[in-house]
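In what follows, a structure is listed as structure tokens, so that the remarks can point back to it.
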Amino acid sequence: MASLPDFPPFNVHEDSNAGPRWKKWLTRFERLLCGLNITADKRKTALLLHYAGPDVDDIYDTLPTSSNEDYKTVVEKLNQYFSPQTNVAFEVFNFRQAKQKPDESLDSYHTRLRHLSQTCEFSDPAKEIKDHIILTCTSNSLRRRALRDNLDLPNLMKTGRAIELSEKQASQVEQQEFSSVNSVRHGNIQQPNTEATGPPRSRFENQRLRNFRGAEQSRARETCGNCGGTYPHIRVCPARGKDCKSCGKIGHFARVCRTKPPSSQHVKNVTHTRPQSPPDSDSEPDYAFTIANLSGTPASPKCHVNIAGHSVSVMIDSGASVNILDDATFNKITRNKGISLEQTNHKIYSYGSLRPLPLKGVIKTNISTDSKHLSAQFHVVHGNSGNLLSYTTACQLNLLKVTINSTTHHIPSTNQYPPEFECLFSGIGKLTGKTVKLHIDPDVSPKQQPHRRIPFHVRSDVEKELKRLEELDIIEKVDGPTPWISPIVVVPKKSGEVRICIDMREANQAVKREKHLMPTIDDLVADLNGAAVFTTLDLSSGYHQLELAEESRHITTFSTHLGLRRYKRLLFGINAASEIFQNTIEELLTGLPGCKNISDDIIVFGKDQATHDANLRQVLERLKSHNLRLNKEKCHFSKSEVMFYGHIFSAEGLRPDHKKVEAIQNATPPRSSSEVKSLLGMAQYLSRYIPGYADITAPLRALTKDDATWKWEEIEQAALDKLKKAFTDNQVMSYFDPHQATEVIVDASPVGLGALLVQNDKVICYASRVLSDVETRYSQTEKEMLAVVWAVEHFHLYLYGAQFTIITDHQPLIGIFRSHKATSARIDRWKLRLMPYNYHLVYKPGKDEKNPADFLSRHPNCSEPQPESVAEEYVNYVIANAVPTAMTLQEIQLETSVDDTMQMVIQAIETNNWSDPSTTEYKKVSDELSVHKGIILRGHRIVMPTSLRRRTIHLAHIGHQGIIKTKRLLRSKVWFPNIDKMVEETIQNCLPCQAATSGNHPPPEPLKMTQLPSAPWKEVAMDFLGPFPTGEYLLVVIDAFSRFPEVEVLTTVSAKAVLPKLDAIFSRQGLPEVLKSDNGPPFNGAEFESYAKHCGFTHRKITPYWPQANGEAERFMRTLQKCIRAAIIEKKNWKQAMNQFLLNYRATPHSTTNISPSESLNNRKIKTMLPEMPSSSKPEQTAMAEYDARKKEQMKSCADNRRGAKESCIKPGDTVLLKQPKENKFSAPYNPQPFVVEKKKGTMVTAKNDSKVVKGDLNQVSQTRLKGS
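Just so we're aligned, residue 1 is where the sequence shown starts under UniProt numbering, counting upward by one.
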């Protein structure tokens, strides 16, 4: 063989997962052997070790081998070596992270997934690939089809190819772009020529137009009325899209213009484009209208609003369904704000267009006017075309009001309410004549909980909210001692303001609950029998309208950064609040006809309009006389039917809310035998109330047998339909009874949440919903916690104010609820939301199919609206206010994603497996950790990745606060292991702090002396001196054994300039084993690393910001710099003087070794200008080493003693030199003009010379041998 073909070597150190990469490389190598027709074992083995590279060859040499091993044995040993390095969990993570790219075909994506799945060790790769394609493919049509028809992988690929092909063909047919113009003109309206300017037509409209033209060819004109040329055109009319210079319209030239230019005309252009293919979206598309004012008259409906703290000009678009920001505005409002741009599959179209606007992403931020504040979603669009405010947001901000075609859907009668009751709908009332007393158990010891730190950026918002509550007479300041203190949690509102929540969990243990009867559904049916007209009233901030008695207020005391406050009104967090409020309002309404209340909801009814109006007037008068207030937005007047207490009341009677059974009716069929088991688990729970249960479920039970073949046909679907009907039958379901024991059964799956409200084993209500994209990334514990919170709030109407039991199959929740330790921000927020409820959490073990809620969670109700993600908004709020200044969330997300330790911690949080050694420091705070958008949180603080920790500390140290205040600032926002130690080290090494701080510094650490290398030129140190004013640098390489220096002149310190100089030095002295340097730019690049590997020496970097670690080189720099400065002062050539200095330095016995560097390195004395006798003696290295050790010990003892505190001996009359500012490298440290000390006071001295008198510290002066005059 003349030459070997090129083949890439195997990179052993590319990453920690070398096993899969080795298998791939070996497969390609064996293909090469096949192509070269090499079959001999020895040749195959030799080529394997040759092509694999020196690293693999070195690994093979370390393995136990024999001299006659064949190729197969060599491969097996290398496979065994690399196999343990296969990280299956990491490979599965890579597989789960894969998503179809926008320009990637389905077949290419399928191939990539198959490639990734080879190293994941899936039991059923085809199923995993199919499920992943359904979840992450870019085609929503394919996803809906797969979920509807339960396709296997081959059919899924076949369907996907067909969809891709049809989309491609349709885009080719509809590839032309159109635009439309709306013209507004005063006077006579001329119909535009639709050939050039008409709106885009569909394919069917074009066909009809062609048929019409065929019938009317005889009337075709020979001259085009838009351009003046021959008609019909061979191609597009030249005037299409052109402006008329006469009238300003678009679509014709001035030479054929048939109108005179109007004297006052406003033309607005509505621009849109037509896409290549119809949108593929699960939801209705959104529309935006881009309006450009062409006349120069500012007639556009523009205004300025405040977005994320910036004044922004927006156009109000009553036809737009979304808010839009352009690039320039987005960059303006997000600068240094940490607002994260989220990706979205949403598509937005301008009017008449099928091509979506170029979206960058979506943000959610605050928007406000002078009178309104709210949180809104904005779509960010490429370009600088301006900003749009949608119809909905404009109405919410009171910027837009539409009065055309407005209707009211109620029974036509009198006004909604008499005008004299308008005062009931403003402000917050206070019930007159009564105060609320809390019954506090004296046997419970009061607790003063520690204050929870509030981030500095949030404190101004908290102060505003505290001031607002004080002005409303809801809270008051606390003076003097108080037995109870509770912490607060700050939660964002949609308006951009904050809500202060009191953590009353400890205090509630001392509050005794009152027992009051709640009305049952039978009571309501009896009272409302015969009613035909209804009104529902909602009390505004209901609890805050009841005043707390003076003796009950102390238990509501809470701590803030401004001091202690307490509530003067009843608050939501008190466990007895619901019973107290219900009883108070019930007593208030006693004696009034035609009204009932449940908590703060009041229903007023009458058999006809007149009776209803009379009853309503009496209720409003009673509320007004007792100074109570209503929430106008939640009140509904004069309705023919209303929703109340979970039922619909109307003139026809009572009927249940269909939402109670919607979760069951909308559940999708099972797709596997395990899902059938889950369905039968719920059915078994209710089987005693289902007649013929065994017969109904027989076809389904047949699918759960081990040898059963999966199928879903008409007989199975019929069984499912019968079972759904049985689930919603009166024998299974029942009315809610407040006097019966209530249970809430919950469960969470990877795709949804499920819950059942049960009394006496009968179902009151079914509920389920799908998880959002963010919620699917929660850990299982967080999903189960979310299921509990969502179920309780979903059944709030039935559970609030009553004692009930929550049943879960996730045991870790029991420990979380029992513990009062801090947890993650998300779980903390959820626990606070459960605080008003009186519940008992119970763990019932069992497999998924034994949990009745399991089937609902795996087949969630897709029509159930997504609730507001309060926990996510809170976590977003925490992160946004916890990001250090000048650092963005994107940076933290990126660095966390590439930090191996952070990724292991994220995996441990999600799996609750903390066995990896790298997560040990995080395990002790594992209950407080959570993950949000790739960022780890400890409570409300961000856990910083390793690469950003030092930068974070430096950001907190801006302004040079001390150690304690810097720690306090950091602890309010971020956390990472050893944060206190790193802060102390950083601040103690902060030079400006040391220079600006008075007082004694702590004594330095004792010197740690390096051991003398065993031979010359084994270890060398390298450093740079410069730059000089000439722009030059000196590269210094000094031998640690002999102290022999090599010096080269450079004009730049880049690796390209340094490496040739090192080659020259190593060519004279040989290659070292170790080269020590600082962390400068040329030593950190891949080029220098490659050079070190090529030369075979180890590159050892000293500790960052600690030059003493490279002390030999640093000390020589001082000597060398002194030589060059002296040469400059003497007007000599500094380079020539430097060489003369190096000659003498290399020949001078070193103070530590007592042997000259040249003699120690080269075993000979070099000739200098001094005369000498010839000598043949050689230095004894052993004696030198002993002498070196002895001198170093003396140096250590002397230095340790010398650096202790010692009083200066300078006195009045002494001659001293003063330090001067260092302007450049040539500047001497001291002013050569001497001064005489006049006065000494403490460490301050006053000195003068002939021209001036100066004052300075003793550390700034140096005593000379000159006598004072």
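In this text, a Cβ means the ideal position worked out from N, Cα and C, and glycines have one as well. The model shown is predicted, which means the values in this text are computed figures rather than measured ones.
- Under the Cβ criterion (8 Å, minimum of three pairs), the region 385 to 392 counts as touching the region 305 to 324.
- Along the length of the region 310 to 354, whole alpha helix (DSSP H) runs at least 4 residues long occupy 327 to 334, reported in chain order.
- Within a 10 Å sphere around the beta-carbon of residue 555 sit 16 or more other beta-carbons, which makes this residue buried.
- Taking all protein chains shown into account, residue 553 has 16 or more neighbouring C-beta atoms within 10 Å of its C-beta and is therefore buried.
- Residue 762 and residue 752 have their C-alpha atoms some 23 Å from each other.
- The beta carbons of residue 974 and residue 951 sit about 11 Å from each other, so the pair does not count as a contact at 8 Å.
- Beyond the five residues adjoining it in sequence on each side, residue 252 comes within less than 6 Å, by CB distance, of 226, 239 and 244 in the same chain, given in chain order.
- Non-local C-beta neighbours of residue 992 in its own chain, meaning closer than 8 Å and more than five positions away in sequence, comprise 960, ordered along the chain.
- In the DSSP annotation of this structure, the continuous segment of the beta strand (DSSP E) that includes residue 843 starts and ends at 838 to 843.
- Cβ-Cβ distances below 7 Å link residue 540 to 428, 629, 630 and 631 in the same chain, with the five nearest sequence neighbours on each side left out; the list follows chain order.
- Residue range 456 to 471 is occupied by the alpha helix (DSSP H) that includes residue 460.
- Under the DSSP assignment, residue 946 falls outside any beta strand (DSSP E), being part of the alpha helix (DSSP H) whose first and last residues are 946 to 956.
- Cβ atoms of residue 1112 and residue 1038 come within 8 Å of each other, at about 6 Å.
- Nearest C-alpha to residue 1233 among 1243, 1218, 1222 and 1240: 1218.
- Closest in C-alpha terms to residue 358, from the list 1248, 376 and 384, comes 384.
- Here the region 1026 to 1033 makes no contact with the region 1074 to 1091; the two share fewer than three CB pairs at distances below 8 Å.
- Distances from the alpha-carbon of residue 13 to those of 817, 580 and 56 put 56 closest.
- Between residue 567 and residue 548 a beta carbon distance of about 6 Å is seen, short of the 8 Å cut, so the two are scored as contacting.
- For the options 1183, 1125, 1155 and 1163, the alpha carbon positioned closest to that of residue 1230 is the one of 1125.
- In this structure residue 1169 is exposed. Its beta-carbon is surrounded by fewer than 16 other beta-carbon atoms within 10 angstroms.
- DSSP lists no beta-bridge partner residue for residue 1163.
- For residue 1009, the number of other beta carbons within 10 angstroms of its own is below 16, and it is reported as exposed.
- Relative to residue 375, the option among 36, 498 and 42 whose CA is nearest is 498.
- According to the DSSP assignment, residue 1045 belongs to the beta strand (DSSP E) that extends over 1045 to 1050.
- Burial state of residue 1242 is exposed, judged by a 10 Å Cβ sphere holding fewer than 16 other Cβ atoms.
- Secondary structure note for residue 595: its beta strand (DSSP E) is the uninterrupted segment 595 to 598.
- When DSSP states are grouped into helix, strand and coil, residue 356 belongs to the strand group.
- Of the candidates 1041, 775, 1014 and 819, the residue whose Cα lies closest to the Cα of residue 1021 is 1041.
- As the crow flies, the alpha-carbon of residue 368 is around 27 Å from that of residue 422.
- Within a 10 Å sphere around the beta-carbon of residue 158 sit fewer than 16 other beta-carbons, which makes this residue exposed.
- Between the alpha carbons of residue 745 and residue 781 lies a distance of about 16 Å.
- Annotation for residue 929: no alpha helix (DSSP H) segment contains it, though the beta strand (DSSP E) segment containing it runs 929 to 932.
- Residue 1023 counts as buried, since no fewer than 16 other beta carbons sit within 10 angstroms of its beta carbon.
- The beta carbon of residue 901 lies closer than 7 Å to those of 918 and 946 in the same chain, with the five residues before and after it left out.
- Look at residue 993 here: in three-state DSSP terms it is helix.
- When rounded, the separation of the alpha-carbon atoms in residue 717 and residue 140 is 26 Å.
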